[in-house]
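Only one structure is covered here, and it is reproduced in the block below.
There are 2 protein chains.
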Amino acid sequence: MSNEQRPVWHKRVTEAISADELAEREALWVPLTEEVRELVSTAILSEVDEHAVALARQHIRAAQEILGTKVDTGSFGMHVNDEGLAWNWGNAATGQKNAVAPPLCQVPIADGVRYEADFGAGYEGPPGCLHGGWIALILDHASGRAAHLEGNGPTFTGTLTIRYLQPTRLGPAVAHAWVETRTANKFVVRCTLSTEDGVTAESEGVFVLARWARKPQED
Amino acid sequence: MSNEQRPVWHKRVTEAISADELAEREALWVPLTEEVRELVSTAILSEVDEHAVALARQHIRAAQEILGTKVDTGSFGMHVNDEGLAWNWGNAATGQKNAVAPPLCQVPIADGVRYEADFGAGYEGPPGCLHGGWIALILDHASGRAAHLEGNGPTFTGTLTIRYLQPTRLGPAVAHAWVETRTANKFVVRCTLSTEDGVTAESEGVFVLARWARKPQED
Chain A
1 MSNEQRPVWH KRVTEAISAD ELAEREALWV PLTEEVRELV STAILSEVDE HAVALARQHI
61 RAAQEILGTK VDTGSFGMHV NDEGLAWNWG NAATGQKNAV APPLCQVPIA DGVRYEADFG
121 AGYEGPPGCL HGGWIALILD HASGRAAHLE GNGPTFTGTL TIRYLQPTRL GPAVAHAWVE
181 TRTANKFVVR CTLSTEDGVT AESEGVFVLA RWARKPQED
Chain B
1 MSNEQRPVWH KRVTEAISAD ELAEREALWV PLTEEVRELV STAILSEVDE HAVALARQHI
61 RAAQEILGTK VDTGSFGMHV NDEGLAWNWG NAATGQKNAV APPLCQVPIA DGVRYEADFG
121 AGYEGPPGCL HGGWIALILD HASGRAAHLE GNGPTFTGTL TIRYLQPTRL GPAVAHAWVE
181 TRTANKFVVR CTLSTEDGVT AESEGVFVLA RWARKPQED
């Protein structure tokens, strides 16, 4: 990637779009993203011959060309409207437009945050198991979200310590994160990852409230 | 995913394929994977209208149907031949057939291991920055590989502690991991992640040699 193409840090795009129009746009893109996710998984598992590969590539390039006729540059960033809505559909863990994201789906609970996802072929590390790095990603994302909700603003990861307790088999998994202690703008967050085999990994992290989101007296 | 479809743990597939045939197969699939990666990124950045989205989806589904006419189930797992070659092309960090992988590319160095990757729109967390979980993934993967090389066999992550030092902007990044100390089958591995801004994150991890890869006297 050349320097000119480097994504803009802290990219923020303001759009004049109503909540209803945004919901329509989301409904337009989510099915495409799901189909790209399926394609990623099928490409891993496919054993078709070279003629089929060549034909599939023609279609992939055709889709690429169509979608590429009007594109933003760099990365999605954070989009906002003047009603206070914000959407980061490019997020690598949860993004509605990002086929790298499993996606992690947040489920409302009273105590902290819960994320669910179904990890298929695209997330493999040790054979048949979730990549240890994806385990870290889930724990980080869920913990950061728990701190965000507690602090009422975005947080950054300071440190994260992960204990891998047993292999995490591919398939459905659940993360549960909660703030254990808070001092001023710093949050100690614990998180577990579980499958039907029980808790497979756990973490403890220190998350720090973004400076601009702090109240003056707490700075 | 139903229980019957759950990927097989420790999946290992033995194939009667020569090294030359394997190289041909790799050359067949890598360009397709790269095109799927491009498609993932373009889907995030695309701003085309609903007619174009519908047309692109037709092509994506056509590619899906072609690749899906002959597929393995579950996940890729570890493939081996009787010449001692092993390939895990589904790996979420490095896999030749996996468009979720950036991919991380290993570069030979004398001291430990070095991985390079160029992180585009698919890996975003904070706007314009690499997702903190992907930072963890890279540190975990590079550290595990360093332990693998030192121990001459696969290792599992025991614990991993990550310090996030400054934002990691999207774009080119380099990981460098090295074994600091070794006691029997346990390795303490340090790793740094750097961009043109300098070191952005570092980790210390304990990695444990797979039981079956240990020498009897070390067990």
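Chains A and B, in that order, are what the protein sequence lines are.
All residue numbers for the first sequence refer to UniProt numbering, where the first residue is 1 and numbers rise by one.
All residue numbers for the second sequence refer to UniProt numbering, where the first residue is 1 and numbers rise by one.
Idealized CB from N, CA, C, for every residue including glycine.
These numbers were taken from a predicted model, which means no experiment stands behind them.
Looking at the structure shown, is S46/B part of a helix, part of a strand, or coil, going by DSSP? For S46/B, the secondary structure class from DSSP, reduced to helix, strand or coil, is strand.
Can you tell me whether S203/A is helix, strand or coil according to DSSP? Note: S203/A maps to strand in three-state DSSP.
Between the alpha carbons of G90/B and A27/B, how many angstroms are there, rounded? G90/B and A27/B have their C-alpha atoms roughly 15 angstroms apart.
Taking all protein chains shown into account, do 16 or more other C-beta atoms lie within 10 angstroms of the C-beta of W212/B, making it buried, or fewer, making it exposed? Exposed, because fewer than 16 other Cβ atoms sit within 10 Å of the Cβ of W212/B.
For D20/A, go through chain B and note every residue whose CB falls closer than 8 angstroms to its CB, in chain order. Within 8 angstroms Cβ-Cβ: nothing; D20/A doesn't reach chain B, min ~15 angstroms.
Three-state secondary structure (DSSP) of W178/B: Per DSSP, reduced to three states, the secondary structure at W178/B is strand.
If you drop the 5 nearest sequence neighbours on each side, which residues of the same chain put their C-beta closer than 8 angstroms to that of A92/B? Once the five neighbours on either side are set aside, the close Cβ partners of A92/B are N98, V100, A101, L137.
Could you check if P167/A is buried or exposed, using at least 16 other CB atoms within 10 Å of its CB as the buried criterion? Its Cβ being crowded by 16 or more others within 10 Å, P167/A is buried.
Distance cutoff 7 angstroms, beta carbons only. Does N152/A sit that close to anything in chain B? Chain B contact via Cβ: absent.
Selection of the segment 67-94 of chain A by Cβ proximity to chain B, strictly under 8 angstroms: Cβ contacts with chain B: L67, G68, T69, K70, V71, D72, T73, G74, S75, F76, G77, M78, N88, W89, G90, N91, A92, A93.
Any idea if K11/B is buried or exposed, counting beta-carbon neighbours within 10 angstroms, 16 or more meaning buried? Of the residues assessed, K11/B falls on the buried side of the cut-off, its CB having 16 or more other CB atoms within 10 angstroms.
Answer with buried or exposed for C105/A, where buried requires no fewer than 16 other C-beta atoms within 10 angstroms of its C-beta. Here C105/A is exposed, its C-beta having fewer than 16 other C-beta atoms within 10 Å.
Taking C-alpha atoms, which residue in I44/A, H79/A, D20/A, G84/A lies nearest to L45/B? Of the listed residues, the one whose Cα sits closest to L45/B is H79/A.
For E196/B, does the three-state DSSP call read helix, strand or coil? In the structure shown, E196/B sits in coil (DSSP, three-state: anything other than H, G, I, E or B).
4-residue-minimum alpha helix (DSSP H) runs that sit fully inside the segment 112-195 of chain B, ordered along the chain: As summarised for the segment 112-195 of chain B, the continuous alpha helix (DSSP H) elements at least 4 residues long and confined to that stretch are 132-151, given in chain order.
Is there a C-beta anywhere in chain A that falls below 7 angstroms from the one on W134/B? Yes, its Cβ sits closer than 7 angstroms to a Cβ of chain A.
Using the three-state DSSP reduction, which class does V100/B fall into: helix, strand or coil? In the structure shown, V100/B falls within a coil segment according to DSSP collapsed to helix, strand and coil.
Assign S75/A to buried or exposed, taking buried as 16 or more other Cβ atoms, counted over all protein chains shown, within 10 Å of its Cβ. S75/A comes out buried.
For a cutoff of 7 angstroms on Cβ pairs, would you count E34/B as touching chain A? E34/B does not count as touching chain A.
Sequence-distant residues of its chain with Cβ nearer than 6 angstroms to E21/A (five each side left out): So the list is empty, once near-sequence residues are dropped.
Identify which residue in G112/B, W134/B, T159/B, R61/B has its Cα closest to the Cα of T33/A. When each option's Cα is compared against that of T33/A, the closest is R61/B.
Can you list the residues of chain B that I162/A reaches, using a CB-CB cut of under 7 angstroms? Here the neighbours are T159, L160.
L85/A versus E15/A: straight-line alpha-carbon distance, rounded: Here the alpha carbon of L85/A sits roughly 10 angstroms from the alpha carbon of E15/A.
Buried versus exposed call for G198/B [16 or more other C-beta atoms within 10 Å across all chains shown]: Label assigned to G198/B: exposed.
Using DSSP's beta-bridge definition, name the partner residues of A86/B. The partner list for A86/B (beta bridge, DSSP) reads V80/B.
DSSP puts V107/B in a beta bridge; with which residues? The partner list for V107/B (beta bridge, DSSP) reads R114/B.
Buried or exposed for V206/B, going by 16 or more other Cβ atoms inside 10 Å? Classification of V206/B: buried, given that the 10 Å Cβ count is 16 or more.
Can you tell me whether L107/A is buried or exposed? The criterion is at least 16 other CB atoms within 10 Å of its CB, across all chains shown. Per the sequence presented here, residue 107/A reads as Val, with Leu not at that position. In this structure V107/A is exposed. Its beta-carbon is surrounded by fewer than 16 other beta-carbon atoms within 10 angstroms.
If you count every other CB in all the chains shown that lies within 10 Å of the CB of T73/B, and 16 or more means buried, which is it? With fewer than 16 other Cβ atoms within 10 Å, it is exposed.
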